[in-house]
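If you read the sequences in order, they're chains A and B. Counting with my numbering, you get residues 1 to 273 for the letters of the first sequence. Counting with my numbering, you get residues 1 to 258 for the letters of the second sequence.
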Amino acid sequence: MALGSPVLAWFRGRLAAPAVRVRDARRLGRVWGLVAEHAAARGGRVSAADACAAVVPGVRVTGAWLSAARDGQAGHLMQVTDEVSRQLAELQLTLGEGPLFDASASGGLALASDLAGLETGSRWPAFAPAACRAGAAAVFAFPLAVGAIRAGVLGLYRDRPGPLSDSQLGDALVFADTATMLLLDAQDGAGAGTGPGEGPGGQPAGLASYRAEIDQATGMLTEQLGVSITDAFVRLRAYAYVNDLQLAEVARDIVARRLRLFPDPDLSPDGGT
Amino acid sequence: MNGHLLSETFVELTDTMVADFDVIDFLHVLTSRSVELLDVSAAGLLLADPRGELRVVAASSEAARLLELFQLQSDQGPCLDCFRSGQPVATADLGADERWPRFAAAAGQAGFRAVQALPMRLRDQVIGALNLFRATAGAFDAEAVHVGQALADVATISLLHDRSMRRSDTLNEQLQAALNSRVVIEQAKGKLAERLGIDVSQAFTILRTQARNHNQRLSDLARAFVDGTQAVTGPAGMPRTSRPGTKQPLPVPPRPAP
């Protein structure tokens with residue numbers, strides 16, 4: 001795939017402070033490649049809307065939509081890839097039920113591979129038949145969440161019933177993680193998303209496996225900085241990015257109390273590392 | 001093997017499988033009881049994230065070093081081999097085993113000599129593994145392995161407890177919910193540890209005690225605490241630390257042994 005070098009550099013810069021938790025570099029590379037290609041094709045900066053558009057061919061669904069939220073407030077529809085997606089998103093707002101509601105309430109997935117099935121019908125008695133009439137046969141909702149951090153929801157639909165395969169599900173989760181990261185970056189001007197450029201040099205791809213310290217450090221920062229969990233995560237990633245450090249290293253130092261961050265938007269090192 | 005303890009454990013486990021079932025707390029109880037029942041030093045439960053890695057969801061102790069050791073097996077170790085093969089994997093003496101050099105070194109440093117991993121299998125799918133560590137070398141008792149496998153099977157079933165097992169979508173929903181709950185709990189541990197000036201494993205104990213005392217799901221309490229809609233109070237006399245913005249360095253708490 002042909003990637004513009006600024007776009008590639010942009011992604012490289014994010015490897016040090018990933019919100020994406022994945023060990024499989026090939027999967028991550030493939031997903032990010034598709035997202036970047038979409039952004040490059042429309043000539044814009046990479047955004048969560050690109051992740052929403054790229055997921056459609058990426059996991060072979062018919063359409064997708066993305067709604068953004070902040071700190072539990074009701075989201076707004078950021079992107080729809082077709083008219084059916086728009087109707088599905090609006091149906092849920094009108095009816096007050098559906099997979100996106102469940103996904104954003106529970107922070108878990110809501111997968112309905114057969115909207116006409118009995119179980120789906122009893123789960124969403126109003127939404128399921130209305131969604132079928134709108135042209136959907138299967139709906140999959142992915143919370144754009146990291147624990148208690150909620151950035152929005154990504155919805156996918158298919159015009160034929162059937163589950164996502166294991167590898168499609170894994171890819172869809174990585175698309176959702178990518179959209180999460182892009183939404184969080186876009187929320188904060190001082191965040192890690194302030195502009196393309198060379199990423200931290202000499203960093204091995206920070207595709208470190210899941211680290212509990214990152215979540216613990218995020219929780220600690222809510223107290224240190226007196227901010228919401230979402231802002232704490234944005235600050236944590238921004239600190240790692242600006243100081244050319246791996247997110248896991250910064251988190252480890254915070255949990256070990258070797259490093260504190262301070263409420264001012266001061267991104268320079270203020271403790272030992 | 002203590003038969004009385006075993007039946008009590010299953011009663012305790014099934015008791016918790018009622019309305020408002022809390023899968024994380026359940027798995028925590030299960031790993032704690034595994035330690036007592038199977039005469040091992042530590043137990044951990046890892047689930048496969050569909051993104052492609054094994055992640056710790058519960059452990060008999062929340063000591064950071066132990067959690068790290070379990071998590072390390074996302075790279076290499078008996079748990080990963082067990083997950084990939086769907087078969088039990090054991091080593092009677094890590095010191096003499098050359099299969100997992102990085103894992104063996106880390107486990108040895110933490111004081112463990114023997115490891116057993118048991119698959120969590122649902123139909124033809126492996127969704128994770130129960131991991132047992134022992135401080136002394138030697139083969140695991142065959143009966144203990146059977147009981148361990150039964151506990152791993154119970155853990156598998158518990159993940160599907162909330163909803164019907166017939167839906168193919170259910171398992172993935174439940175897996176992701178459990179993994180995300182674990183993230184919320186880690187965030188809450190961090191917030192509480194910072195607020196009270198304690199370490200994260202003490203914070204876990206306080207969260208879990210309050211959830212149990214108030215008959216609340218641990219993950220719900222953790223989420224409400226992180227969102228700022230519910231308070232968590234430490235034991236009386238718990239010192240409060242500096243408020244955000246003050247510059248006093250915090251004492252580094254001692255690391256509890258695993």
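Yeah, the Cβ is synthetic: ideal placement off N, Cα and C, and Gly gets one too.
Close-in-space but distant-in-sequence residues of the same chain around residue i (CB under 6 angstroms, 5 per side omitted)
{"i": "G128 (chain B)", "result": "L46, L47, A48 and M120"}
{"i": "Q149 (chain B)", "result": "L118"}
{"i": "V61 (chain A)", "result": "L156 and R158"}
{"i": "R166 (chain B)", "result": "Confidence at R166 (chain B) is low in this model, with a pLDDT of 48, below 50, so its placement is unreliable and the value that follows should be read with caution. Around R166 (chain B): no qualifying Cβ."}
{"i": "A110 (chain A)", "result": "P99, D102, A103 and A141"}
Buried or exposed (CB count within 10 angstroms, at least 16 for buried), residue i
{"i": "Q73 (chain B)", "result": "buried"}
{"i": "R237 (chain A)", "result": "buried"}
{"i": "R150 (chain A)", "result": "buried"}
{"i": "F70 (chain B)", "result": "buried"}
{"i": "A64 (chain A)", "result": "buried"}
{"i": "V255 (chain A)", "result": "buried"}
{"i": "P263 (chain A)", "result": "exposed"}
{"i": "D11 (chain B)", "result": "Looking at the sequence shown, residue 11 (chain B) is not Asp but Val. Flag for V11 (chain B) reads exposed."}
{"i": "P88 (chain B)", "result": "buried"}
{"i": "P50 (chain B)", "result": "buried"}
{"i": "Q210 (chain B)", "result": "buried"}
Closer than 8 angstroms to chain A by CB, residue i
{"i": "E287 (chain B)", "result": "This structure cannot settle anything about residue 287 (chain B), because the visible part of chain B is limited to 1 through 258."}
{"i": "N180 (chain B)", "result": "yes"}
{"i": "A193 (chain B)", "result": "yes"}
{"i": "A42 (chain B)", "result": "no"}
{"i": "P50 (chain B)", "result": "yes"}
{"i": "V23 (chain B)", "result": "no"}
Beta-carbon proximity check, residue i vs residue j, cutoff 8 angstroms
{"i": "S34 (chain B)", "j": "L132 (chain B)", "result": "yes"}
{"i": "R223 (chain B)", "j": "E223 (chain A)", "result": "no"}
{"i": "C82 (chain B)", "j": "L118 (chain B)", "result": "yes"}
{"i": "P134 (chain A)", "j": "L91 (chain A)", "result": "Reading the sequence as shown, one finds Ala at residue 134 (chain A) and not Pro. Contact: yes."}
{"i": "D215 (chain A)", "j": "E68 (chain B)", "result": "no"}
{"i": "G108 (chain A)", "j": "P143 (chain A)", "result": "yes"}
{"i": "A90 (chain B)", "j": "F140 (chain B)", "result": "yes"}
{"i": "V154 (chain B)", "j": "L6 (chain B)", "result": "no"}
{"i": "A138 (chain A)", "j": "G162 (chain A)", "result": "yes"}
{"i": "L94 (chain B)", "j": "A110 (chain B)", "result": "no"}
Residues bridged to residue i [DSSP beta-bridge criterion]
{"i": "N131 (chain B)", "result": "B:G44 and B:A117"}
{"i": "Y157 (chain A)", "result": "A:G63 and A:V139"}
{"i": "I149 (chain A)", "result": "A:V146"}
{"i": "V56 (chain B)", "result": "B:L46"}
{"i": "P125 (chain B)", "result": "Note that residue 125 (chain B) corresponds to Gln in the displayed sequence, not to Pro. Beta-bridge pairing links Q125 (chain B) to B:L122."}
{"i": "H76 (chain A)", "result": "A:A68"}
{"i": "L51 (chain A)", "result": "The amino acid occupying residue 51 (chain A) in the given sequence is Ala; Leu does not appear at that position. Beta-bridge pairing links A51 (chain A) to no other residue."}
7 angstroms Cβ shell around residue i - same chain, five flanking residues per side excluded
{"i": "L66 (chain A)", "result": "A48, A49, C52, M78, Q79, G152, L154 and A179"}
{"i": "A212 (chain A)", "result": "none"}
{"i": "Q32 (chain B)", "result": "In the sequence as displayed, the identity of residue 32 (chain B) is Ser instead of Gln. So the list reads S60, once near-sequence residues are dropped."}
8 angstroms Cβ cutoff, residue i in contact with chain B
{"i": "A145 (chain A)", "result": "yes"}
{"i": "E97 (chain A)", "result": "no"}
{"i": "Q246 (chain A)", "result": "no"}
{"i": "G33 (chain A)", "result": "no"}
{"i": "L154 (chain A)", "result": "no"}
{"i": "A68 (chain A)", "result": "no"}
{"i": "V242 (chain A)", "result": "no"}
{"i": "T230 (chain A)", "result": "no"}
{"i": "D159 (chain A)", "result": "no"}
{"i": "Q224 (chain A)", "result": "yes"}
{"i": "R27 (chain A)", "result": "yes"}
{"i": "M220 (chain A)", "result": "yes"}
Contacts around residue i, its chain only, beta-carbon distance under 8 angstroms, and the 5 residues preceding and following it disregarded
{"i": "A148 (chain A)", "result": "G107 and I229"}
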